[in-house]
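The C-terminal position of the sequence shown is numbered 389 in the numbering used here, with every residue numbered one higher than the one before it. Built from N, CA and C at the ideal position, the CB exists for glycine as well.
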Amino acid sequence: MKFSDNSDQAARYLRQAVPMMVKHKIVPNPLNYTLWYSYYSNVFPLLNEELDQTLKRYGTCPPDISESLFFRHISQLDNDNEKHLLHFQKAFSHLVDGLSDSMDHTVQQTSDFSQALMSNLNELGAYSIDDAMAPILNKLSANASAICSANTEFQGQLSAAQSEISALKTELENSKKEASTDPLTGLYNRRVFETMYHQYMEQSNQADEITLIMMDVDKFKAFNDTYGHLMGDQILKFIGQLLKRECNEPVIPVRLGGEEFALLCPQVKLEQGQFFAENIRRKLAAVPFSNKRTGERIPPVTASFGVTQKRANDNLNTMIERADQALYVAKEAGRNQVHVATP
47 MKFSDNSDQA
57 ARYLRQAVPM
67 MVKHKIVPNP
77 LNYTLWYSYY
87 SNVFPLLNEE
97 LDQTLKRYGT
107 CPPDISESLF
117 FRHISQLDND
127 NEKHLLHFQK
137 AFSHLVDGLS
147 DSMDHTVQQT
157 SDFSQALMSN
167 LNELGAYSID
177 DAMAPILNKL
187 SANASAICSA
197 NTEFQGQLSA
207 AQSEISALKT
217 ELENSKKEAS
227 TDPLTGLYNR
237 RVFETMYHQY
247 MEQSNQADEI
257 TLIMMDVDKF
267 KAFNDTYGHL
277 MGDQILKFIG
287 QLLKRECNEP
297 VIPVRLGGEE
307 FALLCPQVKL
317 EQGQFFAENI
327 RRKLAAVPFS
337 NKRTGERIPP
347 VTASFGVTQK
357 RANDNLNTMI
367 ERADQALYVA
377 KEAGRNQVHV
387 ATP
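Have a look at this one:
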């Protein structure tokens with residue numbers, strides 16, 4: 047899906063789309079705006095052909111056909127292709143933002159135009175006009191009134207569409223957040239973890255200077271069995287808050303699943319990563335947890351860490367595997383400690 051990122055070009059497409067929609071009495075909702083924006087951007091040639099045929103046959107584009115065209119030509123993506131899906135989401139978010147801004151401008155312009163037109167007609171009415179000009183002026187007045195009425199009606203439709211677009215923007219933001227974050231801890235999820243790694247590898251001139259920290263809560267299954275899953279969830283939430291508080295850019299904390307976390311550390315050397323992991327280990331172990339319902343003191347919650355730095359022929363999977371091995375050594379050595387993979 048290749049919508050333009052050029053704001054002037056996007057505005058031009060919208061200025062072309064609005065009169066077309068008015069002319070053919072097409073409801074200005076987000077789906078139709080997207081359809082006609084796409085038409086004038088000419089990114090889907092087959093869509094343009096079908097829209098031309100539809101207008102020729104019906105004189106408009108009925109809602110059921112609009113919906114069918116949208117889903118067949120615009121939103122048809124391979125759901126297994128993550129890059130295509132993310133690109134579609136980004137492009138559609140950009141389009142929705144453009145629609146909202148353009149509609150604000152359109153509403154204001156048409157309102158000003160209507161007021162100026164009626165004011166000019168009223169001024170003309172104050173002058174004496176000969177019998178030959180009177181019929182022409184009456185027709186002009188009637189036509190202007192009709193234009194203003196149609197404009198008022200369309201402004202109402204635009205206002206309704208703006209409400210839909212605002213709701214759509216909120217839904218898009220929520221969907222992006224839900225797709226990228228772990229709902230329990232609020233940390234990024236594995237999908238973002240992998241995406242961030244690949245983006246850094248593609249963009250950085252120091253791609254080898256990246257450290258990975260794997261973190262696993264010690265004896266968490268036994269903790270859940272003893273204190274219950276609700277208490278376990280509270281512990282995971284706290285760890286998420288701790289990691290957010292301690293991790294500043296460029297370090298990215300992620301919950302991989304269960305009691306396992308990862309810290310992706312671009313531009314961080316191995317020794318710095320070790321120091322960073324040790325700092326988090328000490329702070330977590332020092333927290334005095336208690337059961338709020340019973341007041342019972344809970345033994346310290348600890349975690350073990352494995353740290354590694356990217357090697358020349360590494361990919362993300364080999365880095366994770368090596369950090370996991372270091373983490374396993376930390377567990378075997380007694381837990382609540384940091385182990386660094388051999389360089």
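key: Buried versus exposed call for PHE117 [16 or more other C-beta atoms within 10 Å across all chains shown]   = So PHE117 counts as exposed.
request  = Starting from GLY352, follow its DSSP beta bridges and name the residues at the other end.
outcome  = In the DSSP output, where bridge partners are listed per residue, GLY352 has MET260, HIS385.
task = Return the CA-CA distance between THR106 and GLN55, expressed in angstroms with no decimal places.
result = A straight-line Cα-Cα distance of about 25 Å links THR106 and GLN55.
N-terminal and C-terminal residue of the beta strand (DSSP E) that LEU233 is part of = Segment: none, LEU233 is in no beta strand (DSSP E) and carries neither H nor E.
ask   = Where GLU367 and THR80 are concerned, what is the direct C-alpha to C-alpha distance, given to the nearest angstrom?
value = Taking the straight line joining both Cα atoms gives about 45 Å.
query = Can you tell me whether DSSP reads ILE298 as helix, strand or coil?
reply = In the structure shown, ILE298 sits in a strand (DSSP, three-state: E or B).
key: Nonlocal neighbours in the same chain, by C-beta distance under 6 Å from GLN371, ignoring five residues either side   = Answer for GLN371: no residue qualifies.
query = Run through DSSP, which three-state label would GLY303 get?
reply = Strand, per DSSP.
ask   = Based on Cα-Cα distance, which residue from LEU115, ARG328, VAL347, ASN294 lies nearest to TYR273?
value = The residue among LEU115, ARG328, VAL347, ASN294 with its C-alpha nearest the C-alpha of TYR273 is VAL347.
query = Going by alpha carbons, who is nearest to LEU282 out of ASN294, PRO296, PHE266?
reply = Cα-wise, what sits closest to LEU282 is PHE266.
query = Ordered along the chain, which non-local residues of its own chain (more than five positions away) have a Cβ less than 6 Å from that of ALA358?
reply = So no residue of the chain qualifies.
ask   = Looking at VAL297 and GLN320, is the spacing between their C-beta atoms short of 8 Å?
value = Taking a C-beta distance under 8 Å as the contact criterion, GLN320 and VAL297 do not qualify as a contact pair.
key: Alpha-carbon to alpha-carbon, HIS119 and ILE285   = Straight through space, the alpha carbons of HIS119 and ILE285 are spaced by roughly 44 Å.
First through last residue of the alpha helix (DSSP H) which encompasses GLN318 = That run of the alpha helix (DSSP H) goes 316–331.
key: 8 Å contact criterion, which GLN280 and LEU316 should meet: CB distance rounded   = Incorrect: roughly 33 Å between the Cβ atoms, too far for contact.
query = What residues in its chain sit with their C-beta under 8 Å from that of TYR59, if we drop five residues either side in the sequence?
reply = In the same chain as TYR59, and ignoring 5 residues on each side of it, the C-beta atoms closer than 8 Å to its own belong to SER50, TYR83, TYR86, SER87, in chain order.
query = Do ASN235 and ARG328 have their CB atoms nearer than 8 Å?
reply = For ASN235 and ARG328, no; Cβs fall outside 8 Å.
ask   = What separation, rounded to the nearest whole angstrom, lies between the Cα atoms of PHE90 and ASN75?
value = PHE90 and ASN75 have their alpha carbons spaced roughly 20 Å apart.
Cβ-based neighbour list, HIS70, same chain, cut-off 7 Å, excluding 5 preceding and 5 following = If we look at HIS70 and ignore the five residues flanking it on each side, its Cβ neighbours are LEU101, GLY105, THR106, CYS107.
message = Looking at GLU292: is its Cβ nearer than 8 Å to the Cβ of ASP262?
response = No, these two residues do not count as a Cβ contact at 8 Å.
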